[in-house]
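The sequence shown begins at -5 in my numbering and counts up by one. For each residue, glycine too, the CB sits at the ideal point set by N, CA and C. None of the values given here were measured: they were computed from a predicted structure.
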Amino acid sequence: MIHTDSSSLKALVSPVEPSSRCIFVRHSYSLRRQRSVLHRASVRDRTYMTARSLPNGPPPVPATITKAKSMPTAEFFSEYFGLKERPFTLLPDPDFLYWSKQHRRAYTVLEYGVAAKAPITVITGEVGAGKTTLVQKLLQDFDDDVIVGLISNAQGGRGDLLQWALNALEAPGDFGSDYVSKHQAMQSFLIESYAAGKRVVLIIDEAQNISREGLEELRMMTNINAGKDELLQLILVGQPELREMIAGYDMRQFAQRVMANFHLSNMDLETTTAYIRHRLVHAGGTGEEFNNGAIALIHRYSDGVPRLVNKYADFAMVYAASTNQPCVDEMTVCEVNADALFMAPDMVRKDAAE
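Now the structure itself:
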């Protein structure tokens, strides 16, 4: 039997490109898993026989496992990696925002749209690209003279979107149930806000779910004005389908009202590396809790989508902690991907198809 220690494995792996490196690691991992299964079966049989012969029954669960089960998330990452908080989560958190070139440009477009009083501003990007995080950051930065309404997932037919808007803006009064009454209520609210020196901004997240009829209804809202001043500014944030819908010939009137727009692309390897290290440092780490090979594999599996990067990185740290690894390496990331605990099928197929 050939024995290979971890330092020898890293020496063999390090010169190889991420794509071929993972093939090597995967085969090594497969053999290791086969040995592990046989070992567990052997241990299980021995434990069963031993437990029956023990007067006090089977041995207790190890203290480290019991401790991990009851440990709060923050303490878990503090215990194993010395971090003050969990670095990779799925919830949008402006405090962890990494200003990549793409995200800085998208945010500048948002700021410009608001400052220039653009009737409609559109920001698009793939699922998990960081759009909602930018929206949360924008909400923090608005001045006091701006009335902001946020709709996270509007749906419904004609008039429903207008009702969503009135509710989000906390417009006072009884709107009635018919469309004309709702439209009149919106117009009155916008005029009164303008007279009070306030600007009104309505942000709609997940806007790709809005129908063409709904988008047309929004366009009609932006037609309410006071001379040269727009009384309502719209910011639409959504997936690429929103961009495609607006580009349609039947939506040309809507497209003409779009004054500012930007599409968030996925992160490249350099940006993914900086992103992961930024979040680790922000959480109280050194940024070196992942080696370069592990980050390269995370980027490959996730396509550079921030949310998927977070999912891989988060669980890779859990796997590393389970074996007391001080650093996440390529083997750990391959194990997370091979187990496919929560990944999209197309992510896993990247590895399986090779």
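A310 classed as buried or exposed, judged by whether at least 16 other C-beta atoms fall within 10 angstroms: buried
For D89, the residue or residues it bridges with in DSSP: Paired residue(s): none; D89 is not in a bridge.
L156 beta carbon less than 7 Å from that of K176: yes
For E210, the three-state DSSP class (helix, strand or coil): helix
First through last residue of the alpha helix (DSSP H) which encompasses V231: No alpha helix (DSSP H) holds V231; the beta strand (DSSP E) holding it covers Q227 to G232.
For L77, three-class secondary structure by DSSP: Note: L77 maps to coil in three-state DSSP.
Beta carbon of A290 nearer than 7 Å to that of V322: No; because the gap between Cβ atoms is not below 7 Å, this pair is not in contact.
Segment limits, beta strand (DSSP E) that includes N255: V252 to L258
Every unbroken alpha helix (DSSP H) within the stretch 84 to 170, with a cutoff of 4 residues, ordered by chain: 95 to 109, 125 to 135 and 154 to 162
Q181 versus L85 - alpha carbon distance: 35 Å
Among G76, L132, V103 and Q96, the one whose alpha carbon lies nearest that of D89: L132
D368 versus S146 - alpha carbon distance: There is no way to answer for residue 368, as the model of the chain reaches only from -5 to 348.
Reference D137, options P166, F183, G191 and G119, closest by Cα: G191
Segment contact flag, the stretch 268 to 280 with the stretch 69 to 84, C-beta cutoff 8 Å, min 3 pairs: yes
First and last residue of the uninterrupted beta strand (DSSP E) at V330: Element bounds for V330: not the beta strand (DSSP E) but the alpha helix (DSSP H), E324 to D333.
Coil, strand or helix - D39 by DSSP: Because D39 carries a pLDDT of 39, less than 50, the predicted location of this residue cannot be relied on, and the following value inherits that uncertainty. If DSSP states are grouped into helix, strand and coil, D39 belongs with the helices.
Residue interval of the beta strand (DSSP E) (run including V275): Here V275 belongs to no beta strand (DSSP E); instead the alpha helix (DSSP H) covers L263 to H276.
Classification of W93 by the beta-carbon crowding that lies within 10 angstroms, buried from 16 upward: Exposed, since its Cβ has fewer than 16 Cβ neighbours within 10 Å.
Assumed close pair G107, T115 - CB separation to whole angstroms, cut-off 8 Å: 3 Å
Where V299 falls: helix, strand or coil (DSSP): Looking at V299 - three-state DSSP - the assignment turns out to be coil, as it is neither helix nor strand.
Q96, buried or exposed, once every other Cβ within 10 Å from all chains shown has been counted against 16: By the 10 Å Cβ count, Q96 comes out buried.
Endpoints, the beta strand (DSSP E) within which V198 is located: The sequence as given places Ile at residue 198; Val does not occur at that position. Here the beta strand (DSSP E) through I198 covers R193 to I198.
Continuous alpha helix (DSSP H) stretch holding S175: start and end: Y173 to A189
Per-residue DSSP class, three states only, for F284: strand
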